[in-house]
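*Asks:* Just add 41 to wherever you are in the sequence shown, counting from 1, and you've got this note's numbering.
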Amino acid sequence: MALSIADATILPDPIIGPVTVIINGTLYCTVNGGLGVNGSATPAFTDALVQLRCRERTVVVASAITNSTGMFAINFRPSPLIFVGLIGGSCQLRVATPLVRCNSTLPSDRFLVSTGLRSRGTAFSGTSITVNIVPDGFTLSAQN
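(1) Could you please give me the residues that DSSP links to Leu90 through a beta bridge?
(2) Along the chain, where does the alpha helix (DSSP H) that runs through Val141 open and close?
(3) According to DSSP, which residues form a beta bridge with Pro176?
(4) Mark Ser155 as exposed unless 16 or more other C-beta atoms lie within 10 angstroms of its C-beta, in which case mark it buried.
(5) Using three-state DSSP, classify Leu76 as helix, strand or coil.
(6) Mind checking whether Gln92 and Arg135 have CB atoms under 8 Å apart?
(7) Assign Ala82 to one of three DSSP states: helix, strand, or coil.
(8) Between which two residues does the beta strand (DSSP E) harbouring Gly111 extend?
Dropping the structure here:
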């Protein structure tokens with residue numbers, strides 16, 4: 042799911058200052074990157090490379106590594122073209138680290154990709170703007 046037009050309208054027109062985008066979330070060692078049936082017993086997907094890919098989802102724009110609890114935060118200042126693509130739905134998170142790395146019973150030829158990105162709000166500080174985004178979830182993909 043792409044960020045909606047309503048998400049884009051929360052920004053001033055014209056944008057007068059630098060825009061910082063923060064995309065954060067938590068990955069677990071499951072086929073959808075979420076908590077398993079047992080909840081807290083689900084291991085975190087640590088040291089996984091999470092990439093934001095745009096422009097037909099082939100260009101890596103920014104990336105982060107998950108920490109010991111599976112959390113990641115991608116913090117970057119996008120170009121206007123990338124920002125429009127992000128809002129328009131042409132960007133996606135991809136976990137470049139194969140799932141088998143965190144659990145040998147998971148598919149070795151599959152990778153997690155975000156099913157969508159959504160806004161969690163916008164903060165203004167003087168002329169600076171910060172847009173907070175989270176993934177809607179993840180699914181398996183054969184392509185990396």
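Beta carbons are placed, not taken as given, at the ideal position from N, Cα and C, and that holds for glycine.
Treat the numbers as computed from the prediction; the structure is a model and nothing was measured.
*Replies:* A quick look at the data gives this:
(1) Ile106
(2) Note, Val141: premise wrong, no alpha helix (DSSP H); not H, not E.
(3) Leu158
(4) buried
(5) coil
(6) yes
(7) helix
(8) Looking at the DSSP string, Gly111 is not in any beta strand (DSSP E), and its letter there is neither H nor E.
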